[in-house]
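Quick note, the sequences are listed as chains A and C, same order.
Per the working numbering, the first sequence starts with residue 1, numbered consecutively.
Per the working numbering, the second sequence starts with residue 1001, numbered consecutively.
Heads up: the structure comes next, in structure tokens.
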Amino acid sequence: MDERIKSPLLRLEKRSKSSIKPVYAWMIRLGSILVALLLGCIAMGLAGCNPIRAYGTMLDGALGNAAFRQQTVKKAVPLLGCALAIAPCFKMRFWNIGAEGQITAGALAATFVVRLLASKYEGDSASLPLLLLMALAAMLLGGLWALIPGFFKAKWNTNETLFTLMMNYIIIGVVAWLQAGPWEARQGRIAQFPQVAWLPKVEGVHCGWIIVLLLVFLVHIYMRHTKQGYEIAVIGDSLRTAQYAGMNVGRIMMRTMFLSGAISGLVGFILCSGATNTLSKDIAGGVGFTSITVAWLSQLNAFAMVAISLMLGILTKGADTLQTVMNVPAAISDIIIGLLLFCMLGCEFFINYRLILRKKSRKGGDGA
Amino acid sequence: MTAIDTLVLLLIAAITYGTPLLYGTLGEILTEKSGNLNLGVEGIMFMGGAFGLGGVYYCEKLLGTPSGIAAVGIALLCAFLAGALASLIFSFITTTLRANQNVTGLALAIFGTGVGQFAGEMMRVRAGGYVTVSNELKAVFTGSPFPQFLKDIPYVGQLLFGNSHFFYIGVLFAVLMHLFLKKTRRGLYLRAVGENPATADSAGISVTRYKYLATVIGGGISAIGGVVYIVTTAGCTWNNEGLSGVGWLAVALVIFCLWRPLSALWGSVLFGALMILYMRLQIAFIPTELYKILPYVVTVVVLILSSLRNNKEKQPPEGLGLAYFREDR
């Protein structure tokens, strides 16, 4: 189009994939995170506290000393694990928002194993065979819980978003029933696990953090360097291409969902064996939802997830401190997480498109 | 108490619990008719609940107790504005900035839940522990607009005329929305945008404008559901948990109702009944905690059944969830 002929004040041009350097793209994303944090100041201002002091309190509460740091890592571990679980599904454009339930299912299975077998293992220290059995059971039930919606999606294209979500409420209801009924120890709680079923601690935090860091590499390799990972990417980009290429889309969907559920289940095992040492209906505590944010903010990149999950760990731990110190509701962390997502989603536009003003052409990307 | 009495009581309670769902569903129907799949209803309803309650509470505190109709109007308006604002964010990010609707909706669900809880908690902190409105207003919100003699008709009196203002307003909304979608030119345009935006665009319909308007108004209507829950069933006090899940049920209900506003009427009452059945109709061998998951199990069954049918009349708007860019054609 000739620019001298009447052109609109502002027009868009699609960038080709190579025309923006990855460095700039990540700078835009970083900028959008800053914008989100700035917008978070408004909420804090409305709550009547000084935003700078508030962010300072949050940072201090999350990283101020070794005990705080351990708690922050404790919060980041399930987020990271679960984001790794969600990533293959989202890559496939399969909107699995049932991680919350898959975690709970995993924790339920692990607890079942403990109740069944723990008496056979004696001693005060963790027993490796028992822990392995727990992890296996957790992965199996978590995977199966995810497979159900996967199966119906593959067979009849049933809406997976709502299906996986409803599965959350169902399994959480089942745990609520166990907690108040058959498995109740006292006052509506399930008894604490014996110490043989506790994940051992490394550097002051249960060794779940080592497991999820290992998973980072495994998931990265799976997604980027295997045939199965490639199939997932193709289905996500274009379902028709996948069908045309002769891929068995239904089978791949079910396989991916099982895998995703299994990793979430493993996170459930880590949570009940490492963090709480028991099962309760709140075991997942919103991790399944927040980890969606982690997965998406990191562009489904396994290594970026480590950083983002730590950031959100700092944010949620900091928000807890903020509530006790400055009386700001801890829901502030949800607001900031929401804002982060909005900004990250919005900023992709500036990465994919270039804004061109009528007179002089200028590069877009102020990262709003 | 006879069986009929029990049934009537159950139905009345079902209507009370179903009314928030009705608004949530109606709003989402309007949104989805424009081809936008807004999964943020959960967050929108939280915001509507918190801001609606806040509006009524502060209004009463500053200006004295408003009259019946005014109070209902303030609650509706504040909730509507909160929901409209939330949906405006959604529209801007999906329609203008072209982001993925699913993830943006999830973000809105997280954000809205956070804002709602934050605002609710803040009100509680400011008020020193407890936010509620006067008993007069509570009576207004739960009372019906009809005179007593109509309610005194045996059996059907309470059922037909004894419900809250909000239920009748919701029925009115449903009828109006039905007429708008089926009988007006603008309704036809809106449906065209949802079915096939490219065709609508070539016919000279502004796709962007219709998507924005439908999503913003739809979000506002959904948000009213939140405040209705707070002022009718939650006793005009804020709680962080009460609304959780209602918004998602509303999204599922849209599928159940096949995107028809009039079907939303009985659909929401049915789901209202499922939500309270465990309190009203105890069955000895089913534990309460398992009974409570009934609505979710039914939703799953509904989702499966609705995916099995292959009727052309019973499909979602064809362009649902897909972004439309003129340049990409």
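Every residue gets a Cβ at the ideal spot worked out from N, C-alpha and C, and that includes glycine.
- Put simply, the CB of residue 1031/C is far from chain A, with every gap to its CB atoms at 8 Å or more.
- Around residue 161/A, the same chain offers 95, 97 as residues with beta carbons nearer than 8 Å, after the five sequence neighbours per side are excluded.
- In this structure, DSSP gives residue 353/A an extended state, which the three-state scheme calls strand.
- Considering only 1097/C, 1132/C, 1077/C, the residue with the shortest C-alpha distance to residue 1235/C is 1132/C.
- Assignment of residue 190/A by DSSP, reduced to helix, strand and coil, places it in the strand class.
- The C-alpha of residue 211/A is placed about 13 Å away from the C-alpha of residue 85/A.
- For the region 1018-1047 of chain C, residues whose beta-carbon sits nearer than 9 Å to a beta-carbon of chain A comprise 1037, 1039, 1043.
- Identification of residues in the region 1233-1253 of chain C having a C-beta nearer than 7 Å to some C-beta of chain A yields 1245, 1248, 1251, 1252, given in sequence order.
- Taking residue 1034/C as the centre and dropping the five residues before and after it, the same chain places the C-beta of 1190, 1193, 1194, 1210, 1211, 1214, 1215 closer than 7 Å to its C-beta, in chain order.
- Pairing residue 244/A with residue 91/A, the inter-Cα distance amounts to about 19 Å.
- Contact of residue 315/A with chain C is not assigned, every C-beta pair being separated by 8 Å or more.
- Contact with chain A is found for residue 1304/C, since one of that chain's Cβ atoms lies less than 8 Å from the residue's Cβ.
- With a contact defined as Cβ atoms closer than 8 Å, residue 1046/C and residue 1113/C qualify at about 5 Å.
- For the region 1287-1302 of chain C, the set of residues with a beta-carbon nearer than 7 Å to any beta-carbon of chain A comprises 1287, 1289, 1290, 1292, 1293, 1296, 1297, 1299, 1300, in chain order.
- Leaving aside the five residues that flank residue 1280/C on each side, the residues in its chain whose CB is nearer than 6 Å to its CB run, in chain order, 1010.
- Sorting 1276/C, 1260/C, 1240/C by C-alpha distance to the C-alpha of residue 1122/C places 1240/C at the top.
- Residues of chain C whose Cβ lies closer than 7 Å to the Cβ of residue 176/A are, in chain order, 1289.
- Under the three-state reduction of DSSP, residue 202/A is assigned to strand.
- Listed in chain order, the alpha helix (DSSP H) elements of length 4 or more contained wholly in the region 1124-1184 of chain C are 1135-1142, 1148-1151, 1156-1161, 1165-1183.
- Here the C-alpha atom of residue 247/A lies approximately 60 Å from the C-alpha atom of residue 1138/C.
- Closer than 8 Å to the CB of residue 1098/C there is at least one CB belonging to chain A.
- With respect to residue 142/A, residue 105/A sits close: the two C-beta atoms are nearer than 8 Å.
- Here residue 152/A has 158 as same chain residues with Cβ atoms under 6 Å from its own Cβ, once five neighbours each way along the sequence are excluded.
- DSSP places residue 14/A within a strand segment (E or B) once states are collapsed to three.
- Inter-segment contact for the region 126-145 of chain A and the region 107-116 of chain A is present: three or more beta-carbon pairs are separated by less than 8 Å.
- Separation of the CB atoms of residue 1224/C and residue 1048/C is rounded to 6 Å, and the pair is thereby assigned contact status at 8 Å.
- Taking the Cα of residue 124/A as reference, the smallest distance to any Cα among 193/A, 53/A, 102/A, 328/A is reached at 193/A.
- Taking 8 Å as the threshold, the shortest C-beta distance from residue 1123/C to chain A does not fall below it.
- Taking the Cα of residue 46/A as reference, the smallest distance to any Cα among 344/A, 328/A, 354/A is reached at 328/A.
- Straight-line spacing of the CA atoms in residue 1150/C and residue 1161/C works out to 7 Å.
- Here residue 1023/C has 1170, 1221, 1222, 1224, 1225, 1228 as same chain residues with Cβ atoms under 7 Å from its own Cβ, once five neighbours each way along the sequence are excluded.
- DSSP assignment within the region 134-193 of chain A yields the following whole alpha helix (DSSP H) runs of 4 residues or more, N-terminal first: 160-180.
- Rounded to the nearest whole angstrom, the C-alpha separation of residue 34/A and residue 55/A is 13 Å.
- DSSP places residue 207/A in the coil class of the three-state scheme, outside both helix and strand.
- Across the region 1112-1138 of chain C, CB contacts with chain A closer than 7 Å involve 1113, 1114, 1115, 1117, 1118, 1121, 1122, 1125, in sequence order along the chain.
- Chain A places a beta carbon closer than 8 Å to that of residue 1106/C, counting this residue as a contact.
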